[in-house]
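In order, the protein sequences belong to chains A and B. If you're matching positions, the first sequence starts at 2 in my numbering and goes up one per residue. If you're matching positions, the second sequence starts at 119 in my numbering and goes up one per residue. Where is the CB? At the ideal position from N, CA and C, for every residue including glycine. Here's the structure we're looking at; comments come further down.
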Amino acid sequence: MNKTEAHITISDLTMAYGDFVVMRNLNFTINREDIFIIMGGSGCGKSTLMRHMIGLKTPAKGKVLYGDVSFWDADSEEKERLMRRFGILYQSGALWSSMTLAENVALPLRQYTNMNEQEIGAQVSLKLSLVGLSGFEGFYPSEISGGMQKRAGLARAMALDPEVLFFDEPSAGLDPVSAKRLDDLILQLRDSLGATVVVVTHELASIFAIGNNSVFLDPETRTMLAVGDPNLLLKENHDPKIQNFLRRGAAEKP
Amino acid sequence: MSEATINLKRLPGEILAIHLAGKWQLGKDVPSAGIVQAELTAHPSAKGIVFNTDGLSFWDSSILTFLVDVMKLSVTEGIKIERDGLPTGVRHLIDLATAVPKTEDAQKSVVHESVLSRVGSDAIQLVKSTGELVSFVGETSVALVRMIKGKARFLTSDLWLLIQEAGVQAVPIVSLISFLVGLILAFVGILQLELFGAQIYVADLVSIAMVREMGAIMTGIIMAGRTGAAYAAQLGTMQVNEEIDALETLAIPAMEFLVLPRMLALTLMMPPLVLYADLMGILGGSVVAGMYGIHLTVYLNRVITALNLYHLSIGLFMGFVFGVLVSLSGCLRGMQCGRSASEVGNAATSAVVTSIVAIIIATAVITVICNIFGI
């Protein structure tokens, strides 16, 4: 990773639900091909931050920049062009329950490309086989296990070969082995597709295994406490809250 | 010995020894801390409490609540407690329970609002929900215009499936209900008409009532409970499941992809269902007429003379309006649904209530308008 071109820049972002401010003064940069971790305790606004980055929630103040383009100031066509380059894996998979896996993966392709049915079918099979689900094209989401739903969600997120992949709690609800396999898959995808990856998680094993950049959100001060490689944060940052988080509370005792 | 017992003894040096014995089990009759309190009130000179649990054969949380009460008592009375006599497990659990002091402000406080402020906040809520309704109608219209221009994004296969669900699959229940409504109308009517020897006019009564009002109203109410509630529950579950987010982030508007086909399906299917319900109602009436000796041909002849195109078109128009109202309330409540399972239930309930109220109000408005124009 020699490239350090800034891909996503969060500038002076304030997130709020009505009058209730969740986080303020967020400033950080995600470089191309980073695996960027958004971490912090439960309920601190990690997923909310992601929702601001993918266009589901308007910031109370501040900007989300993709390259030089400010997402929330762009017109709807520009927004659509940016969103087309996103691949998002939601916490619960969020597969459309009335459609089969193949139809789920095919919908983004139908929406954004002029491919014919045969090409779409080939793409769908390829994407499903990448996540180890080939042969499950005709299944409905309710007919497969939670881990498989997550992988199918990933296949859908990858349908359009996105530039940015967002993961909301990818390993939540997965057993350790499946979680590890998902981590490996994320690494491989980054390396082979050259995508920038943004992961919301509080799973320490994943954080250290895949992250090369991160932001730590603190619900008490309602802002971020640190930015940087989680492995370096563990060694060099002396903020007790961060140490406590990264060491599973082991730093709590004096 | 299996029963839980407590024995209080006085030891030298103003020490109260509490002997706990037997089987302390939840749900069984166990002594309360009141006994200790009574003892302390009777002999206020006690300086310390010790425990003896040699005879204790079994214990669970029941002994813990007892001991916690005793400890609270000792704090208020200023008595020192020696816990050495307790089983190790009990001591650890009491440590755990007393480790974190009670969080006073975590208790949900019940705020009593004055009547005035409640009326005020309800009024604000009403204005807000009206605004939401108006913007929802607006968004639906925009989606409809886009569909007419051929730009709307939805799956045609979805639309056909929804049409099937809202149309053919509703036929059995619509048959049953409208047949019975026709039957009931005829029964009620013929009993009165018989008094004047005008039984034959039951055909007029049933056919006009069914075709003009009852066919549409009954079908509307059936569809509100059947399809409107289903729409609210489907969209609500999709909201909970982040499926709607997943659509939005693909720049596929949920209004076009989910709401539009549902509204189209129900609105298109309502008039044919109403027509069918009218026929079933008239058929129901004919059964009663037959029982009172009116021949089927005579009955049908009377029906044909009684009905005209105005009656039919008003009924079908009402069916169309109810289709819009029911699917609108179903989709609106579904899209407004929050992110929990109980919210989905609320959305379905509220969709049915909204639909039925809307149907009745619309009926009243249409009937009054028809009256004014003398149709």
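Min CB distance residue i to chain B below 8 angstroms
{"i": "A/Met116", "result": "no"}
{"i": "A/Gln150", "result": "no"}
{"i": "A/Met84", "result": "yes"}
{"i": "A/Pro220", "result": "no"}
{"i": "A/Pro109", "result": "yes"}
{"i": "A/Pro255", "result": "At A/Pro255 the pLDDT is 44, less than 50, meaning the model places this residue with poor confidence; the figure from the coordinates comes in the next sentence. With 8 angstroms as the cut-off, A/Pro255 does not count as an interface residue toward chain B."}
{"i": "A/Ala95", "result": "yes"}
{"i": "A/Ser98", "result": "yes"}
Exposure label - residue i; buried when at least 16 CB within 10 Å
{"i": "A/Val97", "result": "Note on residue identity: the sequence assigns Trp, not Val, to residue 97 of chain A. Answer is buried; the Cβ neighbour count reaches 16."}
{"i": "B/Ala482", "result": "exposed"}
{"i": "B/Glu360", "result": "buried"}
{"i": "B/Thr194", "result": "exposed"}
{"i": "B/Glu374", "result": "buried"}
{"i": "A/Leu14", "result": "buried"}
{"i": "B/Ile432", "result": "buried"}
{"i": "B/Ser404", "result": "buried"}
{"i": "B/Thr248", "result": "exposed"}
{"i": "A/Pro60", "result": "buried"}
{"i": "B/Ser507", "result": "Absent from the structure is residue 507 of chain B, since the part of chain B shown begins at 119 and ends at 493."}
{"i": "A/Pro177", "result": "exposed"}
{"i": "B/Trp278", "result": "exposed"}
{"i": "B/Phe176", "result": "exposed"}
{"i": "B/Val377", "result": "buried"}
{"i": "B/His161", "result": "exposed"}
{"i": "B/Arg420", "result": "buried"}
{"i": "A/Asp192", "result": "exposed"}
{"i": "B/Thr337", "result": "buried"}
{"i": "A/Phe246", "result": "buried"}
{"i": "B/Leu313", "result": "exposed"}
Contacts of residue i in chain A (Cβ-Cβ under 8 angstroms)
{"i": "B/Glu366", "result": "Gly56, Leu57"}
{"i": "B/Arg271", "result": "Gln112"}
Under 9 angstroms from the C-beta of residue i: neighbouring residues of chain B
{"i": "A/Trp73", "result": "Per Cβ cutoff of 9 angstroms: no residues; A/Trp73 is ~14 angstroms from chain B at best."}
{"i": "A/Gln92", "result": "Glu360"}
Strand pairing of residue i, partner residues [DSSP]
{"i": "A/Tyr67", "result": "A/Ile9, A/Val70"}
{"i": "B/Lys141", "result": "B/Phe176"}
{"i": "A/Val198", "result": "A/Ile36, A/Leu166"}
{"i": "B/Ser253", "result": "Bridge partners of B/Ser253: none, in fact."}
{"i": "B/Leu126", "result": "B/Ile136"}
{"i": "B/Lys269", "result": "Note: B/Lys269 sits in no beta bridge, so no partner."}
{"i": "A/Ser215", "result": "A/Ile38"}
{"i": "A/Gly94", "result": "A/Tyr91"}
{"i": "B/Phe169", "result": "B/Ile136"}
{"i": "A/Asp24", "result": "Per the sequence shown, the amino acid found at residue 24 of chain A is Met instead of Asp. A/Met24 is bridged to A/Met16."}
{"i": "B/Glu200", "result": "B/Val168"}
{"i": "B/Leu385", "result": "According to the sequence displayed, residue 385 of chain B carries Thr and not Leu. Note: B/Thr385 sits in no beta bridge, so no partner."}
{"i": "A/Phe257", "result": "Since the first residue shown for chain A is 2 and the last is 255, residue 257 of chain A is missing from the structure and cannot be characterised."}
{"i": "A/Thr224", "result": "A/Asp219"}
{"i": "A/Lys62", "result": "A/Thr15"}
Neighbour flag for residue i against chain A, beta carbons, 8 angstroms
{"i": "B/Asn359", "result": "yes"}
{"i": "B/Asp322", "result": "no"}
{"i": "B/Asp213", "result": "no"}
{"i": "B/Ala469", "result": "no"}
Within chain A, partners of residue i - CB distance below 7 angstroms
{"i": "B/Asp396", "result": "Those do not exist, as B/Asp396 stays about 33 angstroms from chain A at its closest Cβ, beyond 7 angstroms."}
Beta-carbon neighbours of residue i, restricted to chain B and to distances below 8 angstroms
{"i": "A/Phe87", "result": "Thr367"}
{"i": "A/Glu81", "result": "Ala369"}
Contact set between residue i and chain B, taken where Cβ atoms lie within less than 7 angstroms
{"i": "A/Tyr141", "result": "Under the 7 angstroms cutoff, chain B gives no residues; its nearest Cβ is about 13 angstroms from A/Tyr141."}
{"i": "A/Pro60", "result": "Here the premise fails: no neighbours, minimum Cβ distance about 16 angstroms."}
Return the residues of the segment 368 to 387 of chain B that lie within a Cβ-Cβ distance of less than 7 angstroms from chain A, sorted by chain order.
Leu368, Ala369, Ile370
Give the residues from the segment 339 to 363 of chain B that approach chain A closer than 9 angstroms (Cβ to any Cβ), ordered along the chain.
Gln352, Thr355, Met356, Val358, Asn359, Glu360, Glu361, Ile362, Asp363
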